[in-house]
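Heads up, the sequence shown is in my numbering, so the first residue is 116 and it goes up one at a time.
Here the structure is laid out as structure tokens; the discussion comes afterwards.
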Amino acid sequence: MIRSRVHLFLTLLSAGVLLCSTLAGQAATSVYVTPDGGLYALAVSGPDTAENALEALSSPPYAAPDGRALNSAILPGTHLLSLQISDDRAVVDFTRDIIGDGLDEARLEAIHTQVRFTLEINGGPASVSILAAGKDLYEHLPPLNPVPANTQGRPPVRLAAGTLAGKIITLSPGHGLKWSGSSWTTDRPVYCAPLNQEDYHNLEMGIYLETHLLEAGATMKTNRCTNKSYGNHAIGEPWWHMGPSAWLQHKGYPCSVYANYTGDCTLGTGASEATDNIRARGLASNYDGVDIHVAIHTNGYKGDCVGSGCPSGTGTYYDSSSSHAAWGAVSLDLATRIQNAVISAVRTQYPDSTWKDRGTPDFAGSNSETRVPQRAAALIEHGFHDTCDRDAVYLQDNFFKSLSMWAMYKGICDYFGVATTWGMYSSELISHDIPTSLKAGQTVQAHITMRNHGVLWNSDRQFRLGAVGESDPLSAATRVQVASEVAPGNSVTFTLTLTAPSRPGTYVTDWQMVRDGYTWFGDVVRQFVVVEAVDSVPPEIAFVTVTPNMAAPGDSLLVEVDATDDRSLASVTVEGLPMSHVSDRIWSRTISAAAGLGGHSLAVTATDTSGNSTPATGTYTVAGILWASGQSLNQDDIIALLAGQYLFSTWGRVTSVTVDGFALQGANGETVQVRAPGHTFGQGHFVAARGRWDGNATPPALICQPQHVRRLD
Ligand SMILES: [Zn+2]
116 MIRSRVHLFL
126 TLLSAGVLLC
136 STLAGQAATS
146 VYVTPDGGLY
156 ALAVSGPDTA
166 ENALEALSSP
176 PYAAPDGRAL
186 NSAILPGTHL
196 LSLQISDDRA
206 VVDFTRDIIG
216 DGLDEARLEA
226 IHTQVRFTLE
236 INGGPASVSI
246 LAAGKDLYEH
256 LPPLNPVPAN
266 TQGRPPVRLA
276 AGTLAGKIIT
286 LSPGHGLKWS
296 GSSWTTDRPV
306 YCAPLNQEDY
316 HNLEMGIYLE
326 THLLEAGATM
336 KTNRCTNKSY
346 GNHAIGEPWW
356 HMGPSAWLQH
366 KGYPCSVYAN
376 YTGDCTLGTG
386 ASEATDNIRA
396 RGLASNYDGV
406 DIHVAIHTNG
416 YKGDCVGSGC
426 PSGTGTYYDS
436 SSSHAAWGAV
446 SLDLATRIQN
456 AVISAVRTQY
466 PDSTWKDRGT
476 PDFAGSNSET
486 RVPQRAAALI
496 EHGFHDTCDR
506 DAVYLQDNFF
516 KSLSMWAMYK
526 GICDYFGVAT
536 TWGMYSSELI
546 SHDIPTSLKA
556 GQTVQAHITM
566 RNHGVLWNSD
576 RQFRLGAVGE
586 SDPLSAATRV
596 QVASEVAPGN
606 SVTFTLTLTA
616 PSRPGTYVTD
626 WQMVRDGYTW
636 FGDVVRQFVV
646 VEAVDSVPPE
656 IAFVTVTPNM
666 AAPGDSLLVE
676 VDATDDRSLA
686 SVTVEGLPMS
696 HVSDRIWSRT
706 ISAAAGLGGH
716 SLAVTATDTS
726 GNSTPATGTY
736 TVAGILWASG
746 QSLNQDDIIA
756 LLAGQYLFST
766 WGRVTSVTVD
776 GFALQGANGE
786 TVQVRAPGHT
796 FGQGHFVAAR
806 GRWDGNATPP
816 ALICQPQHVR
826 RLD
């Protein structure tokens with residue numbers, strides 16, 4: 116009978132309480148337990164005193180006024196021996212009946228939670244020591260089973276530049292799935308449905324805290340899986356849902372760490388492993404030889420509470436019991452630093468200026484997580500997950516969780532006497548592609564990538580990329596929105612639309628992260644941008660020459676273009692083919708004459724570096740070839756008539772030579788002048804020449820390209 120009752124409380128630890136508020140203030144109120152693991156506060160008969168409320172804890176009524184069953188972790192027959200209150204601390208002494216036939220961590224924590232909240236409702240302090248016939252109740256726990264030495268010793272110190280380099284920290288996000296004796300269950304139900312569940316939002320807060328501690332160079336030991344992408348446990352649940360026992364087993368810790376109470380090294384069979392799941396947290400810290408142990412929890416007490424009377428705020432607990440006495444003072448220091456930093460951050464930066472400071476109470480041995488670690492240990496109870504219109508809403512807000520965990524990180528740095536490596540608002544420039552020059556009026560899209568090292572950014576909390584000085588010569592808009600949440604450690608890329616002014620000159624565009632209404636922060640992107648005047652003047656083409664301008668089909672033609680621009684030419688083409696830039700103004704290319712007889716034109720285009728272009732045309736004629744003697748070329752009127760339509764070929768001996776040409780004497784002694792600059796013939800050579808007849812010369816001459824003059828002998 117008693118044993119089955121005890122098992123009811125194995126999952127209970129500061130769970131929510133439902134308060135029957137109609138009787139509040141008229142009678143003493145006691146806090147009981149509901150079958151789903153919640154708490155329930157109920158007015159009890161008798162005088163309105165804390166003593167009466169505590170005495171009533173061992174005899175819950177069969178059911179609450181709303182019909183739900185009520186139980187208690189304080190066993191039937193237990194009586195209050197004394198209550199002493201001094202210096203914000205209560206000492207509650209019960210008869211030995213409270214021990215029953217055994218005590219474990221889970222029931223001890225449940226007893227403490229019932230007593231603590233019963234005292235709080237009746238006006239008592241939050242630090243509570245619980246005794247059984249004058250002896251600390253936790254002294255009645257079965258002793259911890261010995262844990263073998265860590266064969267790897269203290270883990271190697273991580274070399275990092277952060278201010279926490281060399282520090283080893285246990286991060287313990289509370290709860291997670293554990294074996295209840297019949298199934299794998301969470302420690303807490305969902306409160307304020309569909310809002311939150313402590314087992315999981317503790318873990319999500321832990322991820323934020325771990326990020327800051329890692330970025331500060333600390334070596335982290337986590338009691339649960341903080342990587343949501345890690346995959347699933349064999350039971351099919353994501354690893355990040357699992358409690359400390361399952362995770363520490365997976366990470367290779369000895370069975371005496373993760374199953375210290377039951378000794379069930381395989382986990383998931385037999386009796387409840389709730390106490391294993393609790394003890395494992397502090398034992399892992401001892402095994403790892405860490406510097407500090409920090410635990411993250413949220414509070415519960417009234418159960419789905421709405422309205423101004425609901426509990427709210429943050430407290431950070433420590434332990435000064437005899438089994439943790441050597442660490443009591445440093446633990447209080449750690450708890451105080453964390454508490455002060457978190458209260459300050461929530462009040463000024465969330466902001467909720469009335470967020471309640473619930474102080475740094477002493478667990479006085481009743482909580483394993485602050486008692487077992489033989490080192491500084493602190494446990495934050497951050498908000499009430501069952502206060503549905505305030506704390507529970509906050510706990511669903513990633514900014515609240517992130518802000519709180521940055522503050523917890525700050526408190527840890529304060530404890531170690533070091534500065535934070537990255538501030539609450541921290542932004543590191545990763546890259547940007549703002550151009551160094553633009554044309555007047557030109558619009559471009561540029562990108563700036565920032566990494567967040569501080570609290571989470573989102574648009575709801577006024578985080579933006581802002582124009583420094585509230586104006587920018589290249590952008591009318593002075594803010595770029597954060598499209599989605601940017602968690603600490605993550606990067607975000609902003610896209611800016613920049614438009615160059617119409618007036619040429621050098622401009623500065625500069626951007627920085629801002630939380631509007633709070634502060635500008637982090638790296639500044641500052642870029643000088645040279646704005647050039649728009650070039651609307653096209654190139655000029657002075658002439659196009661085609662040499663020769665009368666040719667036979669397929670002859671090579673040299674096209675030359677004289678082109679200039681007020682800035683710079685990008686290209687000159689003929690018939691779409693690129694020309695070579697051969698000298699200051701001259702571009703050239705060799706092409707083949709067309710096959711068809713008659714006049715032809717060549718399309719020439721000059722283009723500048725701004726894309727302005729100018730067209731021009733070159734012309735040439737494709738002609739047939741007539742064979743004619745020197746006599747005919749000198750005397751025949753028909754030659755003069757045909758000269759515009761035909762090329763002429765002739766032959767004979769070279770009789771006299773100049774640099775530019777030579778005289779050619781035919782078989783009948785007639786002579787014709789041939790102009791062929793660069794020729795290599797001497798007197799007596801027998802030569803054929805083809806060219807264009809020039810009747811204006813005296814005597815008339817044949818004008819030839821060098822390749823159309825050849826020796827025949
Ligand atoms: Zn908790």
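We put the CB at the ideal spot given by N, CA and C, even for glycine.
- prompt: So which of Thr431, Gly714, Ile527 has the shortest CA-CA distance to aspartate 831?
  reply: Not covered by the structure: residue 831. The range shown for the chain is 116 to 828.
query: Quick one, what's near ligand 1 if you take every residue whose CB is closer than 5 Å to any heavy atom, in chain order?
result: That gives Gly289, His412.
query: Is it the case that the Cβ atoms of isoleucine 834 and threonine 334 are separated by a distance below 8 Å?
result: The chain is shown only over 116 to 828; residue 834 falls outside these bounds and no answer can be derived.
- prompt: So, using beta-carbon positions, are valine 159 and alanine 178 closer together than 8 Å?
  reply: Within the sequence shown, numbered from 1, the residue matching residue 159 stands at position 44. Within the sequence shown, numbered from 1, the residue matching residue 178 stands at position 63. No. Outside cutoff.
- prompt: Since glycine 669 and serine 707 are thought to touch, with beta carbons under 8 Å apart, how far apart are those beta carbons, to the nearest angstrom?
  reply: Taking the sequence shown and counting its residues from 1, the one referred to as residue 669 is at position 554. Taking the sequence shown and counting its residues from 1, the one referred to as residue 707 is at position 592. Distance from glycine 669 to serine 707 at the Cβ level is roughly 5 Å; contact confirmed, criterion being Cβ atoms closer than 8 Å.
- request: Report yes if the CB atom of phenylalanine 499 is closer than 8 Å to the CB atom of asparagine 401, and no otherwise.
  value: Here residue 499 corresponds to residue number 384 of the sequence shown, with the count starting at 1. Here residue 401 corresponds to residue number 286 of the sequence shown, with the count starting at 1. No; because the gap between Cβ atoms is not below 8 Å, this pair is not in contact.
- request: Output the distance between the C-alpha atoms of alanine 493 and alanine 444, rounded to the nearest integer angstrom.
  value: Position 378 of the sequence shown, counted from the first residue, corresponds to residue 493. Position 329 of the sequence shown, counted from the first residue, corresponds to residue 444. Roughly 11 Å separates the two Cα atoms.
query: So what does isoleucine 563 bridge to, in DSSP terms?
result: Taking the first residue of the sequence shown as 1, we reach residue 563 at position 448. Isoleucine 563 is bridged to His547, Phe609.
- prompt: How about alanine 602 and methionine 523: are their beta carbons less than 8 Å apart?
  reply: Looking up residue 602 in the sequence shown gives position 487. Looking up residue 523 in the sequence shown gives position 408. With contacts defined as CB atoms closer than 8 Å, alanine 602 and methionine 523 fail to qualify as a contacting pair.
- prompt: Do you know how far the Cα of glutamate 585 is from the Cα of leucine 832?
  reply: Within the shown structure, residues of the chain are numbered from 116 to 828, placing residue 832 beyond reach of any answer.
query: If asparagine 573 and valine 597 are in contact, beta carbons under 8 Å, what's the gap, nearest whole angstrom?
result: Locating residue 573 in the sequence shown gives position 458, counting from the first residue. Locating residue 597 in the sequence shown gives position 482, counting from the first residue. Yes, asparagine 573 and valine 597 are in contact; Cβ-Cβ is about 6 Å, under 8 Å.
- prompt: Rounded to a whole number of angstroms, what is the C-alpha to C-alpha distance between leucine 292 and glycine 351?
  reply: Translated into the one-based positions of the sequence shown, residue 292 becomes position 177. Translated into the one-based positions of the sequence shown, residue 351 becomes position 236. Using only the alpha carbons, I get a separation of about 12 Å.
field: alanine 331 versus threonine 300 - alpha carbon distance
entry: In the sequence shown, residue 331 corresponds to position 216, counting from 1. In the sequence shown, residue 300 corresponds to position 185, counting from 1. Cα-Cα distance, rounded: 35 Å.
- prompt: Where does threonine 688 fall in DSSP's three states?
  reply: Counted from its first residue, the sequence shown places residue 688 at position 573. In the structure shown, threonine 688 sits in a strand (DSSP, three-state: E or B).
task: Report the option in Leu198, Trp626, Pro175 whose CA atom is closest to the CA atom of alanine 91.
output: Any property of residue 91 remains undetermined from this structure, which presents the chain solely from 116 to 828.
field: Identity of the residues DSSP links to glutamate 647 by a beta bridge
entry: For the purposes of this step, residue 647 is identified with residue 532 of the sequence shown, where counting begins at 1. BP columns for glutamate 647 point to Lys554.
- prompt: Counting pairs of Cβ atoms below 8 Å between the region 637-657 and the region 723-735, do you hit three or more?
  reply: Inter-segment contact for the region 637-657 and the region 723-735 is present: three or more beta-carbon pairs are separated by less than 8 Å.
- request: On the DSSP bridge assignment, give the partners of arginine 700 in chain order.
  value: Taking the sequence shown and counting its residues from 1, one reaches residue 700 at position 585. Residue pairing for arginine 700: DSSP places it in no beta bridge.
message: Give me the DSSP bridge partner(s) of proline 777.
response: Locating residue 777 in the sequence shown gives position 662, where the first residue counts as 1. Here residue 777 is phenylalanine; the residue named in the question, proline, does not match the sequence. Phenylalanine 777 has Val772, Val789 as its beta-bridge partners, per DSSP.
- prompt: lysine 516 by DSSP, collapsed to three states: which one?
  reply: Locating residue 516 in the sequence shown gives position 401, where the first residue counts as 1. Helix.
Simplified DSSP state of arginine 641, which is helix, strand or coil: Residue 641 sits at position 526 when you count from the first residue of the sequence shown. DSSP places arginine 641 in strand when its eight states are reduced to three.
field: Where asparagine 347 falls, given that 16 or more other Cβ within 10 Å makes a residue buried
entry: Walking along the sequence shown from the start, residue 347 turns up at place 232. Within a 10 Å sphere around the beta-carbon of asparagine 347 sit fewer than 16 other beta-carbons, which makes this residue exposed.
query: Out of curiosity, what's the CA-to-CA distance linking arginine 505 and serine 427?
result: Taking the first residue of the sequence shown as position 1, residue 505 is located at position 390. Taking the first residue of the sequence shown as position 1, residue 427 is located at position 312. C-alpha of arginine 505 to C-alpha of serine 427: approximately 8 Å in a straight line.
- request: Give me the Cβ distance between glycine 321 and leucine 286, rounded to the nearest whole Å; I'm assuming they're in contact under 8 Å.
  value: Walking along the sequence shown from the start, residue 321 turns up at place 206. Walking along the sequence shown from the start, residue 286 turns up at place 171. Contact between glycine 321 and leucine 286 is confirmed by a C-beta separation of about 6 Å, below the 8 Å threshold.
- prompt: Going along the chain, which unbroken runs of the beta strand (DSSP E) with 3 or more residues stay wholly within the region 425-471?
  reply: The qualifying runs are 429-432.
- prompt: Do tryptophan 808 and isoleucine 754 have their CB atoms nearer than 8 Å?
  reply: Sequence index remark: in the sequence shown, residue 808 carries index 693 (1-based). Sequence index remark: in the sequence shown, residue 754 carries index 639 (1-based). A contact, by the Cβ cut-off of 8 Å.
task: Please state if the CB of valine 207 and the CB of leucine 169 are separated by a distance shorter than 8 Å.
output: In the sequence shown, the residue the question calls residue 169 occupies position 54. In the sequence shown, the residue the question calls residue 207 occupies position 92. In this structure, valine 207 lies closer than 8 Å to leucine 169 by Cβ.
query: Mind checking arginine 490: buried by the 16 CB within 10 Å criterion, or exposed?
result: In the sequence shown, the residue the question calls residue 490 occupies position 375. That one is buried.
- prompt: When DSSP labels each residue in this structure, what does threonine 813 get in the three-state scheme?
  reply: In the sequence shown, the residue the question calls residue 813 occupies position 698. Three-state DSSP puts threonine 813 in coil, outside helix and strand.
- prompt: Using CA coordinates, which residue listed in Tyr376, Ala389, Cys340, Ser387 is at the minimum distance from histidine 365?
  reply: Against the sequence shown, residue 365 aligns to sequence position 250. For histidine 365, the nearest C-alpha among the options comes from Cys340.
message: Assuming contact is defined by CB atoms lying nearer than 8 Å, are glycine 251 and glycine 480 in contact in what I supplied?
response: As a first step, residue 251 is located in the sequence shown; it is residue number 136 there, counting from the start. As a first step, residue 480 is located in the sequence shown; it is residue number 365 there, counting from the start. First, the residue type needs correcting, since residue 251 is aspartate and not glycine in the sequence shown. It is a contact, given that the beta carbons lie within the stated cut-off.
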